[in-house]
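Chains as they are written, first to last, in the working numbering: chain A, 1 to 218; chain B, 219 to 460. Beneath this line is the structure, given in structure tokens, with notes to follow.
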Amino acid sequence: MEFDWSVIEDAMPALLGGARLTILITIAGLVGGLIVGFVAGLMRAYGNVILNAIAFVYIELVRGTPIVVQVMFIYFALPVLADIRVNPMTAAITAIVVNAGAYIAEIVRGSFISVHKGLREAGLALGLPTWKVLVYIIGPVAFRRMIPPLGNQVIVSLKDTSLFIVIGVGELTRQGQEIMAANFRAVEIWTAVAILYLLMTGTLTLILRITERRMRIL
Amino acid sequence: MSIVEFRNVTKAFGKVVVLREVDLNIEVGQVVVLIGPSGSGKSTLLRCINALEEINGGDLVVDGISVKAGRSNVRVIRQEAGMVFQQFNLFPQMTAMQNVAFGPQHVRGHSRAEALEQARALLAKVGLSDRGSHYPSELSGGQQQRVAIARALAVKPKLMLFDEPTSALDPELRHEVLGVMQALAEEGMTMIVVTHEMAFARRVGKRMIFMENGKISVDGDPATLLSNSENPRLREFLQHVH
């Protein structure tokens, strides 16, 4: 077979549009996911029995089910159950928030409890309230330790957006699929799609490397 | 005037009783050396004073406040009782200067400039004027421990608690930390020191307490106890640490 560059050229505007949507879902989803993850993670690490149990159930529900099932549930089952109508884009973003939030919660919890307990004692011994110890002493140390696993989660979430093909969000994979269905040029289209994903994840990896180098992991 | 008062204090970790009905009064200005075999409860006794360990029975009054008087009172006790740990526990993301300035700023509510000014003076006092911008990971153990002493002093405590401050240090680095502690004692600071440094105990200590099985078994003058104690177990213990 012959690799036809003009196919890629013709498809590129649509694919780039899809990539833009992929980035948008990832960013919006991860901003929410970080907030949810921090709250749930701190509930797990420092919350009382009730807060801990709530966070635990949330994390286990999400980690125990596939993200495709989660987005299907949000998009198709929620309207039936609770009469909440959501458009595909909202469903997609919500799915990333909920899904990434659970994994980030475990990252946050792990990082905080990995900080040597002597630092907590040193802070308390100065006469600080617990929240100040967490914010000023444990937090900054834990945050540095979160960077590598958080970077990993960002890449995973970005690729997870490709699964939203099932609810018809026009992200990168969906765009590729639609073009392919019209021209049957599987090799060109999927190569182009793969390279676009690689460009996005490659950029993330680079940013991650630079951040790690600038922030000494303690 | 007593600054620390143990009244019948009991402390247990689960079923293991670590302090058994301890009674103890420590006066302002005293330098108390706490010795005993490992597991005898000396570190726990120290950590009960600033409520890092919660007592299970009896009462413990520090500078007129009970450790059982609630969270905000416990914070006041901790501000009055500075602590130095075996493992230094400096904040790794902060420089030496920031470590020392942290307490005045966040506990005493001083301005940043004021806190840094104080920190500079305290670092000079422990002989580390030129190390202010170094991170803990860039300092030797002895230097780290001296920064930790400066950090505790920065909150202006009335009492200092030392939990085996030289045990994690190489022998040649110990004297620099002990020197700072001696200077502090000579200024009249009230100090309670858990240690195995008998030479320091003899030279600086004004009172020596020997603990065994969660109880105070000998309490007296360091020089007398170190040269001829009547307690056979203390004599045996001293043979092992010497």
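Each residue gets a CB set at the ideal place from its N, CA and C atoms; glycine is no exception.
Put simply, the region 389-403 of chain B does not touch the region 282-296 of chain B. Fewer than three CB pairs are less than 8 Å apart. Per the coordinates, the alpha-carbon of P383/B lies some 22 Å from the alpha-carbon of D348/B. Contact annotation for H352/B against chain A: no contact, minimum CB-CB distance about 13 Å [criterion: below 7 Å]. Leaving aside the five residues that flank E415/B on each side, the residues in its chain whose CB is nearer than 8 Å to its CB run, in chain order, T384, R392, L396. Relative to D4/A, the option among A19/A, G202/A, F184/A whose CA is nearest is F184/A. The contact set of L119/A on chain B, defined by CB atoms closer than 9 Å, consists of N307, L308, F309, P310 in chain order. By the neighbour-count criterion, in which 16 or more other beta carbons inside 10 Å mark a residue as buried, M219/B falls on the exposed side. Near chain B, meaning a CB-to-CB distance below 7 Å, the residues of the region 111-144 of chain A are G118, L119, E121, A122, L124, A125, L126, G127, L128, P129, K132, Y136, I137, P140, V141.
The beta carbons of R120/A and V133/A sit about 6 Å from each other, so the pair counts as a contact at 8 Å. Annotation: the continuous beta strand (DSSP E) that includes I410/B extends over 408-412. The region 319-363 of chain B contains, as complete alpha helix (DSSP H) runs of 4+ residues, the segments 330-343 (chain order).
Excluding the 5 residues flanking it on each side, Q175/A has same chain C-beta neighbours closer than 7 Å at A14, L15, G17, G18, in chain order. Considering only beta carbons, the part of the region 258-280 of chain B lying closer than 9 Å to chain A consists of R265, N268, A269, L270, in chain order. For M312/B, the three-state secondary structure derived from DSSP is coil.
Close CB contacts of S157/A within its chain, under the 8 Å cut and outside five residues either way in sequence, are with T26, G29, L30, G33, I96, N99, A100 (chain order). Secondary structure at K374/B: coil, using DSSP grouped into helix, strand and coil. For N226/B, the closest alpha carbon among the candidates V344/B, Q304/B, C266/B, L444/B is that of C266/B.
DSSP places I434/B within a strand segment (E or B) once states are collapsed to three. One finds G118, E121, A122, A125 in chain A with Cβ atoms closer than 9 Å to the Cβ of F303/B, taken in chain order.
Straight through space, the alpha carbons of H324/B and N48/A are spaced by roughly 26 Å. The Cβ-Cβ distance between M43/A and V187/A does not fall below 8 Å. The CB of R293/B comes closer than 8 Å to the CB of G127, L128, P129 in chain A, given here in chain order. The region 230-286 of chain B contains, as complete beta strand (DSSP E) runs of 3+ residues, the segments 234-245, 249-253, 275-280 (chain order). For D381/B, the pairing in a beta bridge is given by DSSP as V412/B.
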